[in-house]
Structure formats: C-alpha cells, structure tokens
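S.K.: Residue numbers (our numbering), protein chains in the order written: chain A, 227 to 403; chain F, 334 to 587. Below are the structure tokens for one structure; questions will follow.
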Amino acid sequence: MQNKNDVSRFERLFLPHLDAAYNLARWLTRNHNAAQDVVQESSLRAFNSLHRFAEGNARAWLLAIVRNQSYTWLKESSGRRFVDIEDEEALSERDKAQLGHPDTPEAWAVRMQEKQALQLALESLPEAFREVIVLKELEEMSYKEIAAVTDVPIGTVMSRLARGRDMLKIKLRAYHE
Amino acid sequence: MNEMTCTECTGWLHAYLDNELDTTVSAGVRAHLDRCADCKASYVEMATLRQGLRTALPYYEAPEGLQQIILSRLPKQSPAAFTPRISRAWRRWRIPAFSTAALAAAVLIYIFAPTQEDRVDDEVVSSHVRSLMAEHLMDVVSSDQHTVKPWFAGKLDFSPPVYDFTPQGYPLLGGRLDYVGHQTVAALSYRRAKHIINVFVMPTPKSDSGPKRLSIRGYNLIVWRQNHLAFEAVSDLNAEELQVLAVLIINQPH
Numbered sequence: 227m228q229n230k231n232d233v234s235r236f237e238r239l240f241l242p243h244l245d246a247a248y249n250l251a252r253w254l255t256r257n258h259n260a261a262q263d264v265v266q267e268s269s270l271r272a273f274n275s276l277h278r279f280a281e282g283n284a285r286a287w288l289l290a291i292v293r294n295q296s297y298t299w300l301k302e303s304s305g306r307r308f309v310d311i312e313d314e315e316a317l318s319e320r321d322k323a324q325l326g327h328p329d330t331p332e333a334w335a336v337r338m339q340e341k342q343a344l345q346l347a348l349e350s351l352p353e354a355f356r357e358v359i360v361l362k363e364l365e366e367m368s369y370k371e372i373a374a375v376t377d378v379p380i381g382t383v384m385s386r387l388a389r390g391r392d393m394l395k396i397k398l399r400a401y402h403e
Numbered sequence: 334m335n336e337m338t339c340t341e342c343t344g345w346l347h348a349y350l351d352n353e354l355d356t357t358v359s360a361g362v363r364a365h366l367d368r369c370a371d372c373k374a375s376y377v378e379m380a381t382l383r384q385g386l387r388t389a390l391p392y393y394e395a396p397e398g399l400q401q402i403i404l405s406r407l408p409k410q411s412p413a414a415f416t417p418r419i420s421r422a423w424r425r426w427r428i429p430a431f432s433t434a435a436l437a438a439a440v441l442i443y444i445f446a447p448t449q450e451d452r453v454d455d456e457v458v459s460s461h462v463r464s465l466m467a468e469h470l471m472d473v474v475s476s477d478q479h480t481v482k483p484w485f486a487g488k489l490d491f492s493p494p495v496y497d498f499t500p501q502g503y504p505l506l507g508g509r510l511d512y513v514g515h516q517t518v519a520a521l522s523y524r525r526a527k528h529i530i531n532v533f534v535m536p537t538p539k540s541d542s543g544p545k546r547l548s549i550r551g552y553n554l555i556v557w558r559q560n561h562l563a564f565e566a567v568s569d570l571n572a573e574e575l576q577v578l579a580v581l582i583i584n585q586p587h
C-alpha cells in the first residue's frame, strides 16, 4: 500500500516548488503541454527517489530532475516541434496584475512590446544560457544553487550568466534599431 | 588591495551584480566603478537589463489542477517496494492524463466531488457507458478465467478475482484495464442475456462491507468490499439479476 509518510514528505518537500518546476520546464521546452508532462514525470521520479533525498535544498533537487526531463523531451521531440496555440493566449499572473496598472494605452502598448521583445530574446537563447538566466532572474537562485541544478561548476555558472546576458543585450539592441 | 584593472573588473562584474562576491573583492569592484566611466556604463547597462528581465519576463505558474493530478498519480506502493513491473502499468496510463480534456475533467471532478465514494460510483457508470460506446469492452477477450487472470498480472499491483459463470448464465467475456478513482483498476465484463455487465475491481484500505444497491443515471450498481478490494458491478440489467452476479462473485473462494 501507499506509504502515508512518503506522500506527506513528498507534499511537504516538493509541492511548494511546483510553480518553480513548471516555470523552468516551460522556459526550457517553450511548450505548455510539454511542460506539464515534464513536471508530472519529474514529480513521479522525485517521489520514487525520495529515500535518496537527505534533507537539504528540495527546490534545487526537484529542479535538477525537471531540467533533465526537459532535456529528454527536447531530444525526443527534436524535428517534430509544433506551436502551442494555447500559449498565444496564456497570460501569466504577473501579466494579469499589470493589465490593471494605470497606464496610458500608448505606454501600455510600448511596455507590452518591450516585454515581448525580452521574452522572445530569452526564448531564442541556447538552453545552456537560457536556463541559468531563468534560474537567476526568475528563481533568484544563488550561483551555488544554479550549479547544483545544472550540474556544472560555479565558475561555469558565472561565465554562462555573463555570456547569456551579453547575448540578450545584443539581441535587444538589434530590436531597438 | 591593489587597484583593479578594467579587465579584472569586467570579469567580476556579473558576480558583483549578483551579490556573489566577498566583501574585499566587492569593495574593489565598487572602487573601480567609481573611477572608471566605461566600466560604470557597462555596469549600469547590465543592471538595467537585469531589472528589465526581472519585471518583464513571465513567471509561468503551474496550471490549476496539476498538483491534484500529480498526487493522484503517485504509485500506490511505497518507493522502496516500487518495481519496474508497476512502473510499466503507470506509463500506460500516463498518456491520456496529459490531454487537456483529462486535466479539465480531473479539476471538475475535484471541485464537484461530494465524497470519494460517490465520485467512484459515478466514474464507474461513466466508464461502463464509455466501454459500450467505444466498443472497448475488452483488452483480453476470453471466457477462460485462466487466460484473463494471468493477463492482469504484470499490469496491476493487485490480483482481481476472475471467474467464469457460464453455467449460471453469466458468461465471462474478458477483461481490460480502466482508470477510476485516480487509480488503475481491473474491469471484468460479463454478459447476462443481451445485457453487458462491467465489474470494476480496485484496491481499498477500507474494511469489508456487504453488497449495496445504487442507481445512477438509469444504471444499476452493486457495490461491496471484500478482502481489501472494492467491487462495483454496473449494468443496465435489472438490480435483482445484477445482484445474483454479485453474490456469485462474493461466494467464490478468494
């Protein structure tokens, strides 16, 4: 039978990080349905290897699994990617909050364009750079945590962040010209 | 500490921005930025970019219902006892759960669920109807209990009792896997005259209970629990004749 302790440990450790898991999967796969699949599979894997997780950074541990699963999906789906229609309409909670922001329509339009430019720029970066930026800017993780998730030395995290930001800067500059 | 050069400063700039430097190096970078307009400009540019990223990038939150689905899909056995055998059965049921429709259904079931049991009863009826409509009555077609029972082994983490009641007028048609109450269950199909009966069998932590009659959306149900298995027999057959099958199953040695 299902072990109640395992389930409650799973709920306590990993459920608080479901948004983080989905966010990373969504940025890496760039696909709403794939991200859900990845998070489901990752959760199952996390649950099954629960006994191997000593107390520590549950978020980093879960995100490392999510990252691996995302790469697996990317590898398996390469060559048969498709555009997710739902994503076109999906607004994040933050977008919704900003829709209520007192802005002139013009300023709002400009800001939405800027947002879209940033989003597209990040989406077009190679995964190795995209993931460190997501983990740094959206998860606000330390270099050490990012190193744990991405399985590279801290120095590599630092250089990828620097490189990734430079690439974004160049892309945005091109957009503004 | 010696004064930092532009090259050194550029090397540390991102770590400085991310507050990852120790106080000595950090002070060195700050001192250099105060003196060097070029490095200061790069720093401001990066800080602006970072601010932009933090405020403008969407943080994709997990869709509603995902947590529920994840919890419902955790293996029924503790991880230590988890075997590849069961893992295959799970994978088989993963695919339909990914569809948006299934997600929506799971959310609706969750919201409107009056009780766990009502929900299972209702799902059983839906599953019965679906099995007739889709002509997906059986995955293993056999009236031989010795064919059907081993078929389930390796697909379920419990062993449903399988009996043929042809002599009593309830021939076994076959079995299939179904998904009810957030778990993979066995569905056995019997025939009584022109009526199809589906008997759903699933593990339950609850104690045994005698057969109980229900009627949902015009279908008759007999539900009971025996040896930590919950049985739900559903059909458009009249309740009396349905109960006969229930009693036949109950009286078999389990």
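From the three backbone atoms N, C-alpha and C, an ideal C-beta is built for every residue, glycine too. In this text the structure is predicted, and so the values were computed from the model without any measurement.
So that I know if they touch, is there some Cβ in chain A lying closer than 7 Å to that of residue 400 (chain F)?
M.R.: The sequence position of residue 400 (chain F) within the second sequence is 67, counting from 1. Chain A contact via Cβ: present.
S.K.: Helix, strand or coil: which one does DSSP assign to residue 300 (chain A)?
M.R.: Within the first sequence, numbered from 1, the residue matching residue 300 (chain A) stands at position 74. Note: residue 300 (chain A) maps to helix in three-state DSSP.
S.K.: Since residue 357 (chain A) is in the alpha helix (DSSP H), which residue starts that stretch and which ends it?
M.R.: Indexing the first sequence from 1 puts residue 357 (chain A) at position 131. Per DSSP, residue 357 (chain A) belongs to the alpha helix (DSSP H) from 353-359.
S.K.: Consider the Cβ of residue 279 (chain A): report whether some Cβ of chain F lies at a distance smaller than 7 Å.
M.R.: Numbered from 1 along the first sequence, position 53 holds the residue referred to as residue 279 (chain A). Cβ-Cβ to chain F under 7 Å: no for residue 279 (chain A).
S.K.: Can you list, in chain order, the residues of its chain whose CB lies under 8 Å from that of residue 454 (chain F), leaving out five sequence neighbours each side?
M.R.: The residue labelled residue 454 (chain F) in the question sits at position 121 within the second sequence. Only 547, 549, 554, 556, 565 meet the Cβ criterion.
S.K.: Return the residues of the stretch 259-286 of chain A that lie within a Cβ-Cβ distance of less than 8 Å from chain F, sorted by chain order.
M.R.: Under the 8 Å Cβ criterion, the stretch 259-286 of chain A contributes 259, 261, 262, 263, 265, 266, 267, 269, 270, 273, 274, 275, 276, 277.
S.K.: Interface residues of chain F around residue 356 (chain A) at Cβ under 8 Å?
M.R.: For the purposes of this step, residue 356 (chain A) is identified with residue 130 of the first sequence, where counting begins at 1. None at all; the shortest Cβ gap to chain F is about 11 Å.
S.K.: When you compare only the Cα positions, how much space is there between residue 365 (chain A) and residue 276 (chain A)?
M.R.: The residue given as residue 365 (chain A) occupies position 139 in the first sequence. The residue given as residue 276 (chain A) occupies position 50 in the first sequence. Each residue's alpha carbon lies about 23 Å from the other.
S.K.: Please tell me whether residue 407 (chain F) has its Cβ less than 7 Å away from any Cβ of chain A.
M.R.: Numbered from 1 along the second sequence, position 74 holds the residue referred to as residue 407 (chain F). Residue 407 (chain F) counts as touching chain A.
S.K.: If you draw a straight line from the C-alpha of residue 537 (chain F) to the C-alpha of residue 491 (chain F), how long is it?
M.R.: Here residue 537 (chain F) corresponds to residue number 204 of the second sequence, with the count starting at 1. Here residue 491 (chain F) corresponds to residue number 158 of the second sequence, with the count starting at 1. For residue 537 (chain F) and residue 491 (chain F), the distance between alpha carbons rounds to 11 Å.
S.K.: Label residue 346 (chain A) either buried or exposed according to how many other C-beta atoms from any shown protein chain fall within 10 Å of its C-beta, with 16 as the threshold for buried.
M.R.: Stepping through the first sequence from its first residue, residue 346 (chain A) is reached at position 120. Flag for residue 346 (chain A) reads exposed.
S.K.: Is the stretch 288-304 of chain A touching the stretch 263-273 of chain A, taking contact as three or more C-beta pairs under 8 Å?
M.R.: At 8 Å Cβ cutoff, the stretches touch.
S.K.: Do we get a CB-CB distance below 7 Å when we pair residue 294 (chain A) with the residues of chain F?
M.R.: Here residue 294 (chain A) is taken as the residue at index 68 of the first sequence, counted from 1. Not closer than 7 Å to any Cβ of chain F, the Cβ of residue 294 (chain A) fails to qualify, so no.
S.K.: Contact criterion: CB-CB distance below 7 Å. Does residue 347 (chain F) meet it with respect to chain A?
M.R.: Position 14 of the second sequence, counted from the first residue, corresponds to residue 347 (chain F). With 7 Å as the cut-off, residue 347 (chain F) counts as an interface residue toward chain A.
S.K.: Apart from the five residues just before and just after residue 400 (chain F), which ones in its own chain have a Cβ nearer than 6 Å to its Cβ?
M.R.: Here residue 400 (chain F) refers to the residue found at position 67 of the second sequence. Excluding sequence neighbours, residue 400 (chain F) sits near nothing in its chain.
S.K.: Classify residue 372 (chain F) as buried or exposed, calling it buried when 16 or more other Cβ atoms lie within 10 Å of its own Cβ.
M.R.: Translated into positions along the second sequence, residue 372 (chain F) becomes position 39. The residue in question, residue 372 (chain F), is buried, as its Cβ has 16 or more Cβ neighbours within 10 Å.
S.K.: For residue 628 (chain F) and residue 376 (chain A), what's the separation of their Cα atoms in angstroms?
M.R.: No statement about residue 628 (chain F) is possible, as the shown extent of chain F runs from 334 to 587 and does not include it.
S.K.: Buried or exposed for residue 451 (chain F), please, with buried defined as at least 16 other CB atoms from any protein chain shown within 10 angstroms of its CB.
M.R.: Within the second sequence, residue 451 (chain F) is the residue found at index 118, counting from 1. Exposed: under 16 other Cβ atoms inside 10 Å.
S.K.: According to the Cβ coordinates, are residue 516 (chain F) and residue 495 (chain F) closer than 7 Å?
M.R.: Stepping through the second sequence from its first residue, residue 516 (chain F) is reached at position 183. Stepping through the second sequence from its first residue, residue 495 (chain F) is reached at position 162. Their beta carbons are not under 7 Å apart, which means residue 516 (chain F) does not touch residue 495 (chain F) by this criterion.
S.K.: Here's the rule I'm using: 16 or more other beta-carbon atoms within 10 Å means buried, otherwise exposed. How should residue 397 (chain F) be labelled?
M.R.: Position 64 of the second sequence, counted from the first residue, corresponds to residue 397 (chain F). Result: exposed.
S.K.: Count Cβ pairs between the stretch 378-395 of chain F and the stretch 231-246 of chain A that sit closer than 8 Å; are there 3 or more?
M.R.: These segments touch.
S.K.: In chain D, what lies closer than 9 Å to residue 374 (chain F) by C-beta?
M.R.: No chain D appears in this structure, whose protein chains are A and F.
S.K.: Taking 7 Å as the CB-CB limit, is residue 395 (chain A) close to chain F?
M.R.: If you number the first sequence from 1, residue 395 (chain A) lands on position 169. So, interface residue.
S.K.: Once the 5 residues before and after residue 471 (chain F) are set aside, which same chain residues still bring their CB inside 8 Å of it?
M.R.: Reading the second sequence from its first residue, position 138 is the one you call residue 471 (chain F). So the qualifying residues of the chain are 506, 507, 508, 509, 522.
S.K.: Going by DSSP, which residues form a beta bridge with residue 563 (chain F)?
M.R.: Here the question's residue 563 (chain F) lines up with position 230 in the second sequence. Answer by DSSP bridge pairing, in chain order: F:535, F:558.
S.K.: Given this structure, state the Cα-to-Cα distance separating residue 355 (chain A) from residue 397 (chain A), to the nearest angstrom.
M.R.: Numbered from its first residue, the first sequence carries residue 355 (chain A) at position 129. Numbered from its first residue, the first sequence carries residue 397 (chain A) at position 171. Distance between the alpha carbons of residue 355 (chain A) and residue 397 (chain A) is about 14 Å.
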